[in-house]
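Q: Below is the structure I would like to discuss, written out as C-alpha cells.
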C-alpha cells in the first residue's frame with residue numbers, strides 16, 4: 080500500500096538513489112556532503128529514505144538546492160509534516176512516499192523501502208556497504224545501476 084504526498088510529477092524525472100549504511104568510515108562523510116552539494120547545484124533528483132544519520136545530513140544539503148527530492152518512508156505517512164520538510168512540499172520540490180502502513184520503521188519495512196528505491200532509481204549511490212550491511216544484498220543485486228562516490 081503506497082501513499083503519496085507532494086509533487087507526483089517528480090516521479091517522471093531521472094532519479095539518483097542515495098543509500099548509506101548506518102556505519103560510515105569518517106573519510107566518506109565529507110565526500111557524501113560534497114556529493115549532495117553537487118547534486119543540489121546540478122539540479123539532480125535524489126531519492127532516499129533519509130533515515131540513517133548520514134542520509135539525514137545529505138537531505139539537509141539537498142534542501143539548500145532547487146532540485147526535486149523524493150523521500151521514501153518505511154512506515155506510515157506522517158501525521159504531521161516535519162517542519163524542515165514543509166517548505167520543500169510548499170515549493171513543489173518534494174514527494175513523500177510511504178511504502179508501509181506500519182506505525183514505525185522495522186528491518187522488514189526498511190528493506191522493502193530500500194528495494195522500492197532501487198526499483199525506481201536510474202542510478203544508485205551505495206555508501207559504506209560491507210558484507211554486514213543491511214544494504215549489502217541490494218548493492219550486489221543493483222551493480223548495473225551503481226555509481227561511484
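In this note's numbering, the protein residues as written are 80 to 228. Even glycine gets a Cβ: it sits at the ideal position worked out from N, Cα and C. On a predicted model such as this, the values are computed, not experimentally measured, just so you know.
When you compare only the Cα positions, how much space is there between residue 127 and residue 117?
A: To locate residue 127, count along the chain shown from 1; it is residue 48. To locate residue 117, count along the chain shown from 1; it is residue 38. The straight-line gap from Cα to Cα measures roughly 16 Å.
Q: What residues match up with residue 83 in a beta bridge as DSSP calls it?
A: Locating residue 83 in the chain shown gives position 4, where the first residue counts as 1. Residue pairing of residue 83 in beta bridges, as defined by DSSP: 176.
Q: If you follow the alpha helix (DSSP H) that residue 141 is in, where does it begin and where does it stop?
A: Taking the chain shown and counting its residues from 1, the one referred to as residue 141 is at position 62. That run of the alpha helix (DSSP H) goes 132-142.
Q: Can you name the residues that DSSP bridges to residue 225?
A: Along the chain shown, read from residue 1 onward, the residue named residue 225 stands at position 146. The partner list for residue 225 (beta bridge, DSSP) reads 203.
Q: Taking the Cβ atom as the reference point for each residue, do residue 155 and residue 180 lie within a distance shorter than 8 Å?
A: Position 76 of the chain shown, counted from the first residue, corresponds to residue 155. Position 101 of the chain shown, counted from the first residue, corresponds to residue 180. Yes, Cβ-Cβ distance for residue 155 and residue 180 is below 8 Å.
Q: Give me the Cβ distance between residue 225 and residue 203, rounded to the nearest whole Å; I'm assuming they're in contact under 8 Å.
A: Working through the chain shown from its first residue, we reach residue 225 at position 146. Working through the chain shown from its first residue, we reach residue 203 at position 124. Yes, residue 225 and residue 203 are in contact; Cβ-Cβ is about 5 Å, under 8 Å.
Q: Taking residue 123 as the reference, which of 138, 206, 105 and 130 has the closest Cα?
A: Counted from its first residue, the chain shown places residue 123 at position 44. For residue 123, the nearest C-alpha among the options comes from 138.
Q: According to the neighbour-count rule (16 or more other Cβ atoms, all chains shown, within 10 Å of its Cβ), is residue 198 buried or exposed?
A: Here residue 198 is taken as the residue at index 119 of the chain shown, counted from 1. Looking at its Cβ environment, which holds fewer than 16 other Cβ atoms inside 10 Å, residue 198 is exposed.
Q: Using DSSP bridges, identify the partner residues of residue 97.
A: Here residue 97 refers to the residue found at position 18 when the chain shown is read from its first residue. Note: residue 97 sits in a beta bridge opposite 204.
Q: What first and last residue would you give for the beta strand (DSSP E) that runs through residue 152?
A: Stepping through the chain shown from its first residue, residue 152 is reached at position 73. Looking at the DSSP string, the run of the beta strand (DSSP E) that includes residue 152 is 148-152.
Q: Mark residue 221 as exposed unless 16 or more other C-beta atoms lie within 10 angstroms of its C-beta, in which case mark it buried.
A: Sequence index remark: in the chain shown, residue 221 carries index 142 (1-based). Buried.
Q: For residue 164 and residue 91, what's the separation of their Cα atoms in angstroms?
A: Along the chain shown, read from residue 1 onward, the residue named residue 164 stands at position 85. Along the chain shown, read from residue 1 onward, the residue named residue 91 stands at position 12. Each residue's CA atom was taken as its position, placing residue 164 and residue 91 some 21 Å apart.
Q: Is the CB-CB distance between residue 195 and residue 209 below 8 Å?
A: As a working note, residue 195 is residue 116 in the chain shown. As a working note, residue 209 is residue 130 in the chain shown. For residue 195 and residue 209, no; Cβs fall outside 8 Å.
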